[in-house]
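As given, the protein sequences belong to chains X and R, one line each in that order. Heads up, the first sequence is in my numbering, so the first residue is 1 and it goes up one at a time. Heads up, the second sequence is in my numbering, so the first residue is 1001 and it goes up one at a time. Here a beta-carbon is modelled for each residue, glycine too, at the ideal position from N, C-alpha and C.
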Amino acid sequence: MGTISRKLGLQLTGLVCAVSAALVTAAAVAATSGAPVRVGGTLALTGPLAPTGLIHKIVGEIYVEQANKRDGFLGRPVEWVLLDDQSKADLARSLYEKLVTVDRVDLLLGPYATGGILSAMAVAERHGKLLIHNTLGIPKLAKYERQIPVYSIGAVPEQTLPATLFDALAANGKTPKTVAFVTSKFPSVHFMSVGARETAKKRGINEALWLEFEFGTRDFGPIAARIREANADFLWVGSIGLEGNQLLEALKKLDYAPKNPFFLYPSPGPLAQSPDAANALSMTLFEDHAPFTNTPQATEFARLYRERAGKAGITYLDADMQAAVAYAAWQTLEAAVTATRSLDDAKLAQWLRANRVDTLIGKLRFDGAGNYGDDLQKIKQVQAGRWITVWPREFAPPGARMNLQ
Amino acid sequence: MPSSTLLAQSVLSGVFSGALYALMGLGISLAWGLLRIINLAHFAFVFLAGYLVYQCISVSGWSPTLVVVLALPLFFLLGVALQWLFARFSVDEFASLLVTFGLTIVIESLIQWIWTADVRRMETPLSTWSVKLGPLYVPVVEAILLLVTLAVVVAAWAWLRHTYVGKALRASAQNPVIAAAFGVSHRRLAFVLSGVAAATGALAGVFVAVGSPISPSQMFGSLGVVLAAVILGGLGNPLGLLAASILIGIAEALTMALTAPSWAPLVSFSLLIFILVLRPDRV
């Protein structure tokens, strides 16, 4: 009797679960009905920026999937019209023109990296469209009033980031006496290095070396030899992508480990996983650890990202700053659409410039110079093959501390 | 004033860079000089080999020796197949530039499809291992690269200079009609040369994969400087290519050591323009 009751109970439970699942699915389908809201954008899916473009693509797919499981945008499903700009700013311009005039998308999201964003911004301005973007590295170039920068580095990052960095060193009792600057001439990197140089000068830190190299430099041997000879207390590397790895390897071949190296915009995975990069510093807005992942949404995002990045063949699976800013751009777009109950670009831009938006990387505002808000940049460090935020201290995971020589 | 150690270390670095330019450029130089084919797909072959080496050694755990032994005949066959296509469709010198550029894009897409755009790094203890000789550090991988390049370049030169096949190739390149009258089959020799050229590309790919992290779009990174070395060295001239490559490598390295490193890329192209003004017959 007991067995029959248990079997019946199990069958009933199964039936209830099945019906509930069907109802939830039906409700979800019903919740997102009507013509889709089409969000258009490009990403660098091929070309030199593709490693980062791939991260943004994975995140966008996660967000659209999550949005459609909720209520879509205004009860309508979200469709992401994504094109490959091949890491070319000129192509991005043509593709945004196509998205607006041919594909007739409802909303725009920016591409990856400064050059492409500036191209897309020109098109958005011509058509009066809102452009939410997440990786514009030179804020002073953002002139259009309906552009919304989610990359919250403040209006003058060339001053604020070096200040944060040197404050962090000072707070740990390691203010350098000498600093070596080595920087790529890549525009969004170079101006930051110039700012860091001026900050160091103001703080009375002696400049042991200032070297500029072209983007695309292959042989870092002679540069490494000059860094070794300068032997400064602190090394600022104005690098983007793999340049940081290439320089570290060249230094290693000279049996030289720089004291306290800082890399501006490294490829996060390759640098964290490099055996030569222990304790290397960089900037961040989000890393895959507490307190950033303290909210259920952030935890779920980090979990999903890890899963999808693994499937996509990415070797570094932690959701880092690039993944988080990509997500924050979608969060900002949804927040504006939900608050205004509209897809009107003027209304959305106006709302965003007057309100704060809660995102994975913090509470963002867009009412300062160039629509930039606060500088939320933090300092992270490679520790045991992972990026760990170490400054300000309240953003470090429990027990973590900054390791300096 | 930079120290003598810094200068000597920079010269050494330049020699190693030049060795890689020479190994990457050898296949292009031979095909351009002796077959009148400008094979830009050679850069794609180099990176395809690099990715295959990464896959076999780092992911699948194969023996490096086995991988090299398999890669060379595989790429030889790839080179033969490419030459068959050129012969089948009568691709001339200018058309080969366009066709092989297209092929490069196809191979780049193929690599990205298989290995994604994410950066790949073949971790071996050799990658950053150096030996100290007096005040200088000699990176082991680069030293092996230099020895291999010297061996391959000298072998290529000796092959062209002293063997029947080499002499026939040179004769056919100079005057195909007369060479054919003496029984030289340009078609067969072209298959052999194209195969050898692709195999040298595979060899370069091994060093590219071991020496630095790789991503698909990097295949265009060395295109300009390698072509400059090929032209400076004289088409189809392995020893000239080696000399030009090392000259460019040292000039770039000394520029980086003595002035701003950002001036280094100007060196190879300034040298190229200078030589072409003085010796326009080199192409």
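In chain R, which residues lie with their C-beta within 8 angstroms of the C-beta of glycine 313 (chain X)?
Residues of chain R whose Cβ lies closer than 8 angstroms to the Cβ of glycine 313 (chain X) are, in chain order, Trp1115, Thr1116, Asp1118.
Completely contained alpha helix (DSSP H) runs for the region 1162-1244 of chain R, where each covers 4 or more residues
As summarised for the region 1162-1244 of chain R, the continuous alpha helix (DSSP H) elements at least 4 residues long and confined to that stretch are 1164-1174, 1176-1181, 1186-1211, 1223-1233, given in chain order.
Min CB distance arginine 104 (chain X) to chain R below 8 angstroms:
For arginine 104 (chain X), the nearest beta carbon of chain R is not closer than 8 angstroms to its own beta carbon.
To the nearest angstrom, report how far apart lysine 259 (chain X) and phenylalanine 186 (chain X) are at their CA atoms.
The alpha-carbon of lysine 259 (chain X) is positioned some 24 angstroms away from that of phenylalanine 186 (chain X).
Quick one: grab the DSSP three-state call for threonine 293 (chain X).
DSSP places threonine 293 (chain X) in helix when its eight states are reduced to three.
Stretch-stretch touch, CB-based, cutoff 8 angstroms, three pairs: the region 84-98 of chain X with the region 34-48 of chain X
The way I'd put it, the region 84-98 of chain X does touch the region 34-48 of chain X; three or more beta-carbon pairs between them come closer than 8 angstroms.
For the pair the region 227-246 of chain X and the region 350-359 of chain X, tell me if three or more CB-CB distances fall below 8 angstroms.
Because the criterion of three Cβ pairs below 8 angstroms is not met, the region 227-246 of chain X and the region 350-359 of chain X do not touch.
Reduced DSSP category for glycine 41 (chain X) - H, G, I as helix; E, B as strand; rest coil
Reduced to three states, the DSSP call for glycine 41 (chain X) is strand.
Hey, quick one: how far does the beta strand (DSSP E) through threonine 183 (chain X) stretch, first residue to last?
Judged by DSSP secondary structure, threonine 183 (chain X) falls within the beta strand (DSSP E) whose first and last residues are 178-184.
Rounded to the nearest angstrom, what separates tyrosine 265 (chain X) and glutamine 381 (chain X) at their Cα positions?
One C-alpha to the other measures close to 13 angstroms.
If we define contact as Cβ-Cβ less than 8 angstroms, is isoleucine 223 (chain X) a contact residue for chain R?
For isoleucine 223 (chain X), a Cβ of chain R is located within less than 8 angstroms of the residue's own Cβ.
Thinking C-alpha only, which one of X:Trp210, X:Phe366, X:Asp320, X:Ala396 is nearest threonine 52 (chain X)?
Comparing alpha-carbon positions, the option among X:Trp210, X:Phe366, X:Asp320, X:Ala396 lying closest to threonine 52 (chain X) turns out to be X:Asp320.
Beta-carbon proximity check, leucine 1035 (chain R) vs leucine 1193 (chain R), cutoff 8 angstroms
Cβ atoms of leucine 1035 (chain R) and leucine 1193 (chain R): closer than 8 angstroms.
Please list, in chain order, all residues of the same chain as serine 1017 (chain R) whose beta carbon is under 6 angstroms from its beta carbon, the five residues on each side excluded.
Closer than 6 angstroms at Cβ, skipping near neighbours: Gly1249.
Contact with chain R by alanine 50 (chain X), beta-carbon distance below 8 angstroms
So yes, alanine 50 (chain X) belongs to the interface.
Quick one: which residues of the region 1249-1262 of chain R get their C-beta closer than 7 angstroms to a C-beta of chain X? List them in chain order.
Listed by position, the residues of the region 1249-1262 of chain R near chain X (Cβ gap below 7 angstroms) are Glu1252, Ala1253, Met1256, Ala1257, Ala1260, Pro1261, Ser1262.
Would DSSP call alanine 22 (chain X) helix, strand or coil?
Since pLDDT at alanine 22 (chain X) reaches only 46, below the 50 mark, its modelled position is unreliable, and the value read off the structure follows with that caveat. It is helical.
What's the C-alpha gap between valine 39 (chain X) and histidine 133 (chain X)?
Approximately 13 angstroms, taken between the alpha carbons.
DSSP-derived helix/strand/coil call for valine 237 (chain X):
Residue state, collapsed to three classes: strand.
Residues of chain X with CB under 8 angstroms from glycine 1221 (chain R), in chain order?
By Cβ distance, chain X contributes Gly216, Arg218.
Cα-Cα separation, aspartate 255 (chain X) to alanine 232 (chain X)
Distance between the alpha carbons of aspartate 255 (chain X) and alanine 232 (chain X): 15 angstroms.
Nearest-angstrom Cβ-Cβ length linking leucine 1012 (chain R) and valine 1138 (chain R), presumed shorter than 8 angstroms:
Contact between leucine 1012 (chain R) and valine 1138 (chain R) holds, since their C-beta atoms are separated by about 7 angstroms, short of 8 angstroms.
Could you tell me which chain R residues have their CB closer than 9 angstroms to the CB of glutamate 65 (chain X), listed as they occur along the chain?
What glutamate 65 (chain X) touches in chain R: nothing, since even the nearest Cβ is about 20 angstroms away.
Candidates R:Asp1092, R:Ala1151, R:Ala1071, R:Ser1185, of which the one nearest tyrosine 1164 (chain R) by Cα:
R:Ser1185 is the residue among R:Asp1092, R:Ala1151, R:Ala1071, R:Ser1185 whose C-alpha sits nearest the C-alpha of tyrosine 1164 (chain R).
Residues of the region 1198-1220 of chain R with Cβ closer than 8 angstroms to any Cβ of chain X, in chain order:
The region 1198-1220 of chain R vs chain X, Cβ under 8 angstroms: Ser1212, Pro1213, Ser1215, Pro1216, Ser1217, Gln1218.
When DSSP labels each residue in this structure, what does threonine 1100 (chain R) get in the three-state scheme?
In this structure, threonine 1100 (chain R) counts as helix in the three-state DSSP scheme.
Considering only the alpha carbon of each residue, which of R:Ala1202, R:Arg1187, R:Lys1167, R:Phe1101 lies closest to valine 1152 (chain R)?
Taking only the C-alpha atoms, the option nearest valine 1152 (chain R) is R:Ala1202.
Apply the 10 Å Cβ neighbour rule to glutamine 322 (chain X) and answer buried if 16 or more other Cβ atoms are within range, or exposed otherwise.
Under this definition glutamine 322 (chain X) is a buried residue.
Comparing alpha-carbon positions, which option in X:Ile117, X:His127, X:Glu97, X:Tyr151 lies nearest phenylalanine 286 (chain X)?
Cα-wise, what sits closest to phenylalanine 286 (chain X) is X:Tyr151.
Under 7 angstroms from the C-beta of arginine 1121 (chain R): neighbouring residues of chain X
Those within 7 angstroms of arginine 1121 (chain R) in chain X are Pro270.
Against chain R, does asparagine 245 (chain X) count as a neighbour if the rule is that its beta carbon must be under 8 angstroms from one of theirs?
Chain R contact via Cβ: present.
Does the Cβ-Cβ distance between leucine 1258 (chain R) and leucine 1232 (chain R) come in under 8 angstroms?
No.
Contact list for the region 1153-1168 of chain R against chain X, Cβ threshold 9 angstroms:
Cβ contacts with chain X: none found.
Using the rule of at least 16 other Cβ atoms within 10 Å of the residue's Cβ for burial, across every protein chain shown, is proline 275 (chain X) buried or exposed?
In the assembly as shown, proline 275 (chain X) is an exposed residue. Its beta-carbon has fewer than 16 other beta-carbons within 10 Å.
Counting C-beta neighbours from all protein chains within 10 Å, is the total for proline 139 (chain X) 16 or more, i.e. buried, or is it exposed?
It is buried - the Cβ of proline 139 (chain X) has at least 16 other Cβ atoms within 10 Å.
Tell me the rounded alpha-carbon separation between proline 111 (chain X) and isoleucine 117 (chain X).
Answer to the nearest angstrom: the Cα atoms are 6 angstroms apart.
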